[in-house]
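Heads up: the sequence shown begins at 24 in my numbering, then just goes up one per residue.
For every residue, glycine included, the Cβ atom is placed at its ideal position computed from N, Cα and C.
Notes follow the structure.
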Amino acid sequence: MRFAIIITVFLFISLPASSAEDLVFDVDAQPLRAQVRRLVSALDYVGQPLPEASASRLKELEASDDDQYITGVQKLLDYLTLAEVHINPESRVKVSAGKGKAHLQQNGWSAFLIKVHNEAGVTAPLRVNSPSNGPIFVRSTGSKDPDPAQITTKDIEDRWLELGTFDKQPLTPTLSGLELEYRILAVYSSTTGKREATLTFDIGQGTQDLGFRSDLPILFNSKPSTELKL
């Protein structure tokens with residue numbers, strides 16, 4: 024995945040309590056603490072550090088006991104989360120909306136968290152795609168009469184975003200197999216205003232859950248970019 028030089032930050036959060044059904048309890052605290060530290064470093068690396076209040080709260084949680092940490096870190100990070108992915112023991116993937124605000128910036132990358140509840144202990148890459156992420160150009164064949172049906176005007180209107188996951192150091196290319204971890208998703212918007220896109224998550228061919236439950240329609244709000252005059 025290619026990150027542009029500028030990644031726009033949208034981490035305006037409040038911290039009401041998450042409901043119990045949103046929380047994962049059956050996870051070892053030591054590797055979760057390590058994963059969250061690497062996540063924070065990765066957010067710093069891509070230009071999206073945690074807000075000061077959130078970073079301060081995270082430091083407090085580092086000194087807490089394991090049970091308090093497991094609960095507290097989820098309550099903290101879930102409000103930065105765009106989607107919550109659940110991988111069941113049969114390695115089927117379903118997804119639900121997270122609590123993060125789906126705000127974008129025209130002509131810029133915006134980074135979000137993805138919460139992964141990995142009951143199967145899968146260590147495959149977590150993949151995400153969308154019909155709105157389709158190509159808007161085709162390679163020239165040298166023909167004098169290009170096929171207009173390859174990419175229509177309507178296709179271009181609908182293909183308004185780019186998606187990518189940040190899988191480099193200090194994170195890993197694949198899921199760790201831990202019951203709970205957070206990943207980084209980046210979304211690039213080429214337009215402004217409200218736009219809907221359906222994100223589809225999988226961990227390999229045939230792993231999507233039945234009934235389109237691995238699909239998540241999201242209404243994004245993309246703010247116009249600021250023109251700089253030199």
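Give me the Cβ distance between K138 and D90, rounded to the nearest whole Å; I'm assuming they're in contact under 8 Å. By a beta-carbon distance limit of 8 Å, K138 does not contact D90. Their separation comes to about 19 Å.
Around the C-beta of N152, are 16 or more other C-beta atoms found within 10 angstroms, so that it is buried, or is it exposed? In the assembly as shown, N152 is an exposed residue. Its beta-carbon has fewer than 16 other beta-carbons within 10 Å.
Measuring straight from C-alpha to C-alpha, what distance separates D67 and Q192? Straight-line Cα distance between these residues: approximately 12 Å.
Identify every run of the alpha helix (DSSP H) within the region 83-117, keeping only runs that are complete inside it and at least 4 residues long; order them along the chain. For the alpha helix (DSSP H) assignment, the uninterrupted runs of no fewer than 4 residues enclosed by the region 83-117 are, from N- to C-terminal side, 89-100.
Given a cut-off of 7 Å on the beta-carbon distance, is the pair T230 and V116 in contact? The Cβ-Cβ distance between T230 and V116 falls below 7 Å.
List the DSSP bridge partners of G216. Under the DSSP definition of a beta bridge, G216 partners with S245.
Report the option in F48, A52 and W132 whose CA atom is closest to the CA atom of E185. The shortest C-alpha separation from E185 is found at W132.
Count Cβ pairs between the region 51-59 and the region 68-77 that sit closer than 8 Å; are there 3 or more? As far as the Cβ criterion goes, the region 51-59 does not touch the region 68-77, which means the pair count is below three.
In the DSSP assignment, what are the bridge partners of Y205? Y205 is bridged to K138.
If distances are taken between C-alpha atoms only, which option among S79, P240, P148 and W183 comes closest to N130? Ranking S79, P240, P148 and W183 by Cα distance to N130 puts W183 first.
Coarse secondary structure for P54, derived from DSSP in three states: P54: helix per DSSP, three-state reduction.
In chain order, what residues of the same chain have a beta carbon less than 7 Å from the beta carbon of G216, not counting five sequence neighbours either side? Taking C-beta separations shorter than 7 Å and ignoring five residues to either side along the sequence, the partners of G216 in its chain run S245, following chain order.
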